[in-house]
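Structure first, then comments.
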Amino acid sequence: MSDSVFRKKSVVKAVADVDEGASSHMNKILGVRDLTSFGIAAIIGAGIFSTIGRASVNGGPAVSLLFVFTAIACVFTALSYAQFASTVPVSGSAYTYAYVSFGEIFAWIIGWALILEYAVSNMVVAISWSEYFTSMLEGFGLHFPAYWATDYGSAARAYAEVQASASPAGLSAHTRELAQAFQDAPALGSLKLIADIPAGLITVLITALVYVGIKESRTASNLLVVLKLAVIGLVIVAGAFYVKPENWSPFAPNGVGGVLSGVASVFFAFIGFDSISTTAEECRNPQRDLPRAMIYCLIICTVLYVLITLVLTGMVNYKELGVDDPLAYVFQKVDLNFIAGIISVSAVVAITSALLVYQLGQPRIWMTMSRDGLLWPKFSKIHPKYRTPSFATIVTGFLVAIPSLFLDMQFFIDLTSVGTFFAFILVCGGILFLDAKGLSKHSKFKVPFVNGKYIIGLALIVAVFLVVRSGGFVSGIEEKPLLAVFWLSWAMFAVLSFQYNFSLLPVLGILTNLYLMTELGVSNWAIFVVWLVIGLVIYFSYGYRKSKLAAEVVQ
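Its first residue numbered 11, the sequence shown is counted upward by one per residue in the working numbering.
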């Protein structure tokens, strides 16, 4: 069994399976502009309209550097993705890359983790969309019942908190609003009927759009991205006239620690390039266009994030930005309510485009896993008219829409697992495998080679010296035990790089993602382990026996 669970798919076979399978009938219409648009849609979603303010409260104006740090970290990973995409232009993303590099069991773990990541991301985005949508309606004087725009758990907890409080007026306005929604909600017997209808409805509508074709999805995404970029441009240009340079002083009020405190959460704003790779089989020239699109969207989005942050922190004091809608808030502060209203509408547009891209990507990962025999054949069925993975798309819609109707956003945020970081690490490690096996010759795009023979070891020595000198080495490991794994991994790569002349950039990608994993809490790891166990049960009860590679071995 040990050999069979690590069985690998060759690069030639991975590409041949696409040509022979039903997915060869998918519409190949995407060019580099469309792919870049998908990447921008995924990266600039809810993050720029909400979390950018929270990060500014901790980091001050210097949080603009946080996006630069995070983008640099993502570049290491994106370059590795780009090389794989040019080598294995298949829709499975990191799942397929792991299958080629490390074997079936790792491919399954990554594919299973990506299912969770995409589903959780979509649920968070759908609930966030609902909040902005109802706020937008309020701006137009239209009231949407609060009990049809929240989840039961949040409303029930708020109601209990108000009932238990000796001074309800001292509670936050949001808590009082939720409590009122619980009280006003219609009841079926003793059960209050509460659900987040807009979140479920937008998921159904986006799923229907994704179901009817990639061409329609491409057109919608391109239109939404143009509108989004126009509004962001308006914010930057109009806001620049209201910037007060004194608001940028102090630039980093809480030091480097304050700037980096939000790095793990901000990192997830940049994972759009992963979703681009899921559309490989619908690209006209994936080996040329996918690498270009990944790099283009990272550069464009980083520049926009930095400019937006500098404008926000220049218009008002950074301490005032701890709100859910910082872009609209700063324009309200300077009495530009018209622009604030435009931003509220554009937030709905921006989040819609992000939901579209993620809802587009997940069915294509299922399709690829099904084509390899690891999931049931129904998941790889291509609709004869629309040329999309129809069954997988419908299942994705149900998987996202139903939980988003009834569960709390914080619950989904806590579900954010180590899966994405794990996928990124394996993709970066896969480049080292391609180099070692001479498979990089198949790549039309290659990660720029910088010999890490001495650099990685010297960097380790310098880093350990600086951390020990600051007195934080032992205390850091005691606070975050996973840091021990990080330091040991760095030491291992220093030795291996000296022996085998490892390429520097993929190793930096591995170490960066591994460090960011140490920032995640115990609950993240616990949920990932539970999800992983469920996945392994499915793999060994079905995928292990039905795998196409297993059938070839028998023959």
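Ideal placement from N, C-alpha and C gives every residue a C-beta, glycine not left out.
ask   = Which residues bound the alpha helix (DSSP H) around residue 74?
value = Position 64 of the sequence shown, counted from the first residue, corresponds to residue 74. That run of the alpha helix (DSSP H) goes 73 to 97.
ask   = Should residue 366 and residue 506 be called a contact, given that it needs their Cβ atoms to be closer than 8 angstroms?
value = Here residue 366 corresponds to residue number 356 of the sequence shown, with the count starting at 1. Here residue 506 corresponds to residue number 496 of the sequence shown, with the count starting at 1. No, these two residues do not count as a Cβ contact at 8 angstroms.
ask   = By Cβ distance below 8 angstroms, which residues in the same chain neighbour residue 162 in space, the five residues on each side in sequence not counted?
value = As a first step, residue 162 is located in the sequence shown; it is residue number 152 there, counting from the start. Excluding sequence neighbours, residue 162 sits near 202, 204, 205 and 416.
task = Could you name the residues of the same chain whose beta carbon sits closer than 6 angstroms to that of residue 552, not counting the 5 residues immediately before and after it, in chain order?
result = Sequence index remark: in the sequence shown, residue 552 carries index 542 (1-based). Same-chain partners within the cutoff: there are none.
ask   = Shorter than 8 angstroms from the beta carbon of residue 85 to some beta carbon of chain D?
value = The structure shown contains no chain D, having only a single protein chain.
ask   = Can you list the alpha helix (DSSP H) stretches of 4 or more residues lying completely in the stretch 100 to 141, in chain order?
value = 104 to 111
query = What is the rounded straight-line gap between the Cα of residue 548 and the Cα of residue 448?
reply = By one-based count along the sequence shown, residue 548 stands at place 538. By one-based count along the sequence shown, residue 448 stands at place 438. One C-alpha to the other measures close to 34 angstroms.
key: Of the listed residues 82, 86 and 46, nearest to residue 457 (C-alpha basis)   = Within the sequence shown, the letter at position 447 stands for residue 457. Comparing Cα-Cα distances from residue 457 to each of 82, 86 and 46, the minimum goes to 86.
key: Buried versus exposed, by CB contacts within 10 Å (16 or more), residue 34   = Residue numbering aside, residue 34 sits at position 24 when the sequence shown is read from its first letter. The predicted position of residue 34 is uncertain, since its pLDDT is 48 and thus under 50; a value taken from the coordinates is nonetheless stated next. Label assigned to residue 34: exposed.
task = Please report how far the alpha carbon of residue 55 lies from the alpha carbon of residue 355, in whole angstroms.
result = In the sequence shown, counting from the first residue as 1, residue 55 sits at position 45. In the sequence shown, counting from the first residue as 1, residue 355 sits at position 345. Going by the C-alpha atoms only, they are around 13 angstroms apart.
query = DSSP on residue 461, reduced to helix/strand/coil?
reply = As a working mapping, residue 461 is identified with position 451 in the sequence shown. In this structure, residue 461 counts as strand in the three-state DSSP scheme.
inquiry  = By the DSSP assignment, the alpha helix (DSSP H) with residue 294 in it spans what residues?
reply    = Residue mapping note: residue 294 aligns to position 284 of the sequence shown, counting from 1. Run containing residue 294: none; DSSP gives neither H nor E here.
request  = Report buried or exposed for residue 397, applying the criterion of at least 16 other Cβ atoms within 10 angstroms of its Cβ.
outcome  = Within the sequence shown, numbered from 1, the residue matching residue 397 stands at position 387. Under this definition residue 397 is a buried residue.
inquiry  = Within 10 Å of its beta-carbon, does residue 228 have 16 or more other beta-carbons around it, so buried, or fewer, so exposed?
reply    = The sequence position of residue 228 within the sequence shown is 218, counting from 1. With 16 or more other Cβ atoms within 10 Å, it is buried.
key: Cα-Cα separation between residue 487 and residue 493, rounded to whole angstroms   = Here residue 487 is taken as the residue at index 477 of the sequence shown, counted from 1. Here residue 493 is taken as the residue at index 483 of the sequence shown, counted from 1. Between residue 487 and residue 493, the C-alpha separation is close to 5 angstroms.
message = Less than 8 angstroms between the C-beta atoms of residue 288 and residue 90, yes or no?
response = On the sequence shown, residue 288 is found 278 positions in, with the first residue counted as 1. On the sequence shown, residue 90 is found 80 positions in, with the first residue counted as 1. It is not a contact, given that the beta carbons lie outside the stated cut-off.
Identity of the residue in 538, 327, 532 and 357 nearest residue 343 by Cα = Position 333 of the sequence shown, counting from 1, holds the residue named residue 343. Ranking the options by Cα distance to residue 343, first place goes to 327.
Best match in 45, 67, 40 and 37 for proximity to residue 331 [C-alpha to C-alpha] = Position 321 of the sequence shown, counting from 1, holds the residue named residue 331. Residue 67 is the option with its Cα nearest to residue 331.
ask   = Helix, strand or coil: which one does DSSP assign to residue 166?
value = Translated into the one-based positions of the sequence shown, residue 166 becomes position 156. If DSSP states are grouped into helix, strand and coil, residue 166 belongs with the helices.
message = Quick check on DSSP: helix, strand or coil for residue 34?
response = Within the sequence shown, numbered from 1, the residue matching residue 34 stands at position 24. A caution first: residue 34 carries a pLDDT of 48, below 50, which makes its placement in the model too unreliable to give a value.
key: Rounded separation between residue 523 and residue 119 - CA only   = Residue 523 sits at position 513 when you count from the first residue of the sequence shown. Residue 119 sits at position 109 when you count from the first residue of the sequence shown. About 17 angstroms.
message = What does DSSP give as the partner residue(s) for residue 159 in the beta ladder?
response = By one-based count along the sequence shown, residue 159 stands at place 149. Note: residue 159 sits in a beta bridge opposite 206.
task = Taking 8 angstroms as the cut-off, decide whether the C-beta atoms of residue 379 and residue 105 are in contact.
result = On the sequence shown, residue 379 is found 369 positions in, with the first residue counted as 1. On the sequence shown, residue 105 is found 95 positions in, with the first residue counted as 1. In contact: residue 379 and residue 105 (Cβ atoms closer than 8 angstroms).
message = From the DSSP secondary-structure annotation, give me the bridge partner or partners of residue 399.
response = Numbered from its first residue, the sequence shown carries residue 399 at position 389. BP columns for residue 399 point to 392.
inquiry  = Does residue 429 pass the burial test, meaning 16 or more other C-beta atoms within 10 Å, or should it be called exposed?
reply    = Stepping through the sequence shown from its first residue, residue 429 is reached at position 419. Residue 429 should be labelled buried.
Reference residue 324; option with closest CA among 107, 372, 261 and 294 = Walking along the sequence shown from the start, residue 324 turns up at place 314. Ranking 107, 372, 261 and 294 by Cα distance to residue 324 puts 261 first.
query = For residue 130, which option in 438, 414, 530 and 512 has the closest C-alpha, if you only look at C-alpha atoms?
reply = Residue 130 sits at position 120 when you count from the first residue of the sequence shown. Closest by alpha carbon: 414.
request  = Give me the Cα-Cα distance between residue 32 and residue 133, rounded to the nearest whole angstrom.
outcome  = Translated into the one-based positions of the sequence shown, residue 32 becomes position 22. Translated into the one-based positions of the sequence shown, residue 133 becomes position 123. Interpretation of residue 32 is limited by its pLDDT of 49, a score under 50 that renders its predicted location unreliable; no figure is taken from the coordinates.
C-beta atoms of residue 140 and residue 234 nearer than 8 angstroms = Within the sequence shown, the letter at position 130 stands for residue 140. Within the sequence shown, the letter at position 224 stands for residue 234. The answer is no: Cβ separation not under 8 angstroms.
key: residue 513 - DSSP class collapsed to helix/strand/coil   = Here residue 513 is taken as the residue at index 503 of the sequence shown, counted from 1. Looking at residue 513 - three-state DSSP - the assignment turns out to be strand.
message = Quick check on the burial criterion: 16 or more other C-beta atoms within 10 angstroms. Buried or exposed for residue 498?
response = Residue 498 sits at position 488 when you count from the first residue of the sequence shown. Exposed.
message = Taking the alpha helix (DSSP H) that residue 439 belongs to, which residues open and close that run?
response = For the purposes of this step, residue 439 is taken as the residue at position 429 of the sequence shown. Counting along the chain, the alpha helix (DSSP H) containing residue 439 begins and ends at 429 to 447.
ask   = Between which two residues does the alpha helix (DSSP H) carrying residue 343 extend?
value = Counted from its first residue, the sequence shown places residue 343 at position 333. Run containing residue 343: 336 to 343, per the alpha helix (DSSP H) assignment.
ask   = Any idea what DSSP makes of residue 560, helix, strand or coil?
value = The residue given as residue 560 occupies position 550 in the sequence shown. In the structure shown, residue 560 sits in a helix (DSSP, three-state: H, G or I).
contact_flag[the stretch 294 to 310, the stretch 41 to 48] where n(CB pairs < 8 angstroms) is 3 or more = yes
ask   = CB residue 557 to CB residue 382, shorter than 8 angstroms?
value = In the sequence shown, the residue the question calls residue 557 occupies position 547. In the sequence shown, the residue the question calls residue 382 occupies position 372. Yes; because the gap between Cβ atoms is below 8 angstroms, this pair is in contact.
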